[in-house]
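Student: There's a structure below that I have some questions on.
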Amino acid sequence: MRDDGFHDLVTVYHAVSLLDQVRASAADDLTLTVAGEGEGELPVAEDNLAVKAARALANFAGVQPAARLELTRSIPVAGGLAGGSADAAATLVACDALWQTDLDRAALLMVAATLGSDVPFLLVGGTALGTGRGERVAPVLSEGTYHWVLALAVGGLATPRVYAEIDRRRAAAPLLGAGAPDELLASLRTADPVALGRLLVNDLEPAAVALHPVLRRTLAAGREHGAVGALVSGSGPTCAFLARSAEHAPRLAAALSADGVCRTVRVVEGPVSGARLVC
Ligand code: C5P
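Structure follows, in structure tokens:
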């Protein structure tokens, strides 16, 4: 662990088509509503990362933090899919447009990094190499479209708990990720899911499985049903399965669903863009 409590890591980020939507409209003060995943569960005041993002942007740009934010969520809470970070990135983009702060990319990325390790990537999207605590992001070349099945779990995992479990399991906590993942980056240029799938690995997975043991069954079921790659996403408990093809993905999803090894499934594809304006 670093002095600031974070862990140095090397990670390959990959944005997939499971989206939250943030609508920002003019208002006299800053308010937030949440619908969908996390409704009634997520905080809607200062603790919400979208509210923090709006305040951080207003502060940076020297404008009043006044907006009505409406969040429509599909990304599970505490699922290891960076949903809160996605909402923060989308709020930055939405409020930047609403307030016409007209910040350049570098400034937005700087504000994003103050909000969370994954937030800069959620602005960039696509496929990218993350270093530092995850906040330093460099886009990488990726060919083709990959088809994934996400197995959403019952309940969530708090990221700090998973990192604490990693620390407990490792006498000294070395860099997470085995340095520059050259083979994996090369495989992303082949558009071959089998080549990519066999290289997928997540150093946080043993800790997430220890805290959420049912994931062992979920991962095994995905492999049995022909996933060419299977891993816990981020700090879990969502599992991500790489399908052989666009046709294989819904079959894999149906088989996982029938096995009853997760709360629900989502068929997604990647890479997709980061947070962007839709109107
Ligand atoms: O940066 P973010 O707010 O997403 O991190 C949430 C928590 O996850 C941190 O407070 C820290 O406990 C843990 N974390 C870490 N090392 C990282 C990223 C996150 O220890 N590289």
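Residue numbering for the sequence shown follows this note's numbering, starting at 6 and increasing by one per position.
Note that CB positions come from ideal geometry on N, CA and C, so glycine has one too.
Is the Cβ-Cβ distance between residue 243 and residue 158 less than 8 Å?
Tutor: Counted from its first residue, the sequence shown places residue 243 at position 238. Counted from its first residue, the sequence shown places residue 158 at position 153. Going by C-beta atoms, residue 243 is nearer than 8 Å to residue 158.
Student: For residue 156 versus residue 82, is the C-beta distance shorter than 8 Å?
Tutor: Locating residue 156 in the sequence shown gives position 151, counting from the first residue. Locating residue 82 in the sequence shown gives position 77, counting from the first residue. Contact: no.
Student: Do the region 10-19 and the region 131-138 touch if we need at least three Cβ pairs shorter than 8 Å?
Tutor: Enough Cβ pairs lie closer than 8 Å, so yes.
Student: Please identify the residue among 139, 32, 129 and 189 whose C-alpha is closest to the C-alpha of residue 103.
Tutor: Locating residue 103 in the sequence shown gives position 98, counting from the first residue. Here the closest residue by C-alpha is 32.
Student: Short of 6 Å in beta carbon distance, which residues of its chain neighbour residue 90, apart from the five on each side in sequence? Order them along the chain.
Tutor: Your numbering for residue 90 matches position 85 in the sequence shown. So the list reads 121, 123, 124 and 127, once near-sequence residues are dropped.
Student: May I ask you to check if the CB of residue 165 is nearer than 7 Å to at least one heavy atom of ligand 1?
Tutor: Taking the sequence shown and counting its residues from 1, the one referred to as residue 165 is at position 160. Result yes, Cβ under 7 Å from ligand 1.
Student: Where does residue 30 fall in DSSP's three states?
Tutor: Working through the sequence shown from its first residue, we reach residue 30 at position 25. In the structure shown, residue 30 sits in a strand (DSSP, three-state: E or B).
Student: Around the Cβ of residue 146, are there at least 16 other Cβ atoms within 10 angstroms (buried) or fewer (exposed)?
Tutor: Start at 1 with the first residue of the sequence shown, and residue 146 comes out as number 141. Its Cβ having fewer than 16 others within 10 Å, residue 146 is exposed.
Student: Find out if the Cβ-Cβ distance for the pair residue 220, residue 237 is shorter than 8 Å.
Tutor: Stepping through the sequence shown from its first residue, residue 220 is reached at position 215. Stepping through the sequence shown from its first residue, residue 237 is reached at position 232. Result yes, Cβ atoms of residue 220 and residue 237 sit closer than 8 Å.
Student: For ligand 1, is there a heavy atom less than 7 Å away from the beta-carbon of residue 79?
Tutor: Within the sequence shown, the letter at position 74 stands for residue 79. Checking the Cβ of residue 79 against ligand 1 gives no.
Student: Around the Cβ of residue 188, are there at least 16 other Cβ atoms within 10 angstroms (buried) or fewer (exposed)?
Tutor: Counted from its first residue, the sequence shown places residue 188 at position 183. Per the 10 Å Cβ criterion, exposed.
Student: Go ahead and label residue 78 buried or exposed: buried means 16 or more other beta carbons lie within 10 angstroms of its beta carbon, across all protein chains shown.
Tutor: By 1-based counting over the sequence shown, the position of residue 78 is 73. Buried, because 16 or more other Cβ atoms sit within 10 Å of the Cβ of residue 78.
Student: Distance, Cα to Cα, residue 162 vs residue 69?
Tutor: Counted from its first residue, the sequence shown places residue 162 at position 157. Counted from its first residue, the sequence shown places residue 69 at position 64. One C-alpha to the other measures close to 35 Å.
Student: For residue 193, count neighbouring Cβ atoms within 10 angstroms of its own Cβ and tell me buried if that reaches 16, exposed if not.
Tutor: Your numbering for residue 193 matches position 188 in the sequence shown. Per the 10 Å Cβ criterion, buried.
Student: Cβ-heavy atom distance between residue 90 and ligand 1 below 7 Å?
Tutor: Within the sequence shown, the letter at position 85 stands for residue 90. Yes.
Student: Would the beta-carbon of residue 281 fall within 8 Å of that of residue 27?
Tutor: Residue numbering aside, residue 281 sits at position 276 when the sequence shown is read from its first letter. Residue numbering aside, residue 27 sits at position 22 when the sequence shown is read from its first letter. Going by C-beta atoms, residue 281 is not nearer than 8 Å to residue 27.
Student: Whole-angstrom Cβ separation of residue 170 and residue 216, contact assumed at under 8 Å?
Tutor: Looking up residue 170 in the sequence shown gives position 165. Looking up residue 216 in the sequence shown gives position 211. So it is a contact: roughly 6 Å between Cβ atoms.
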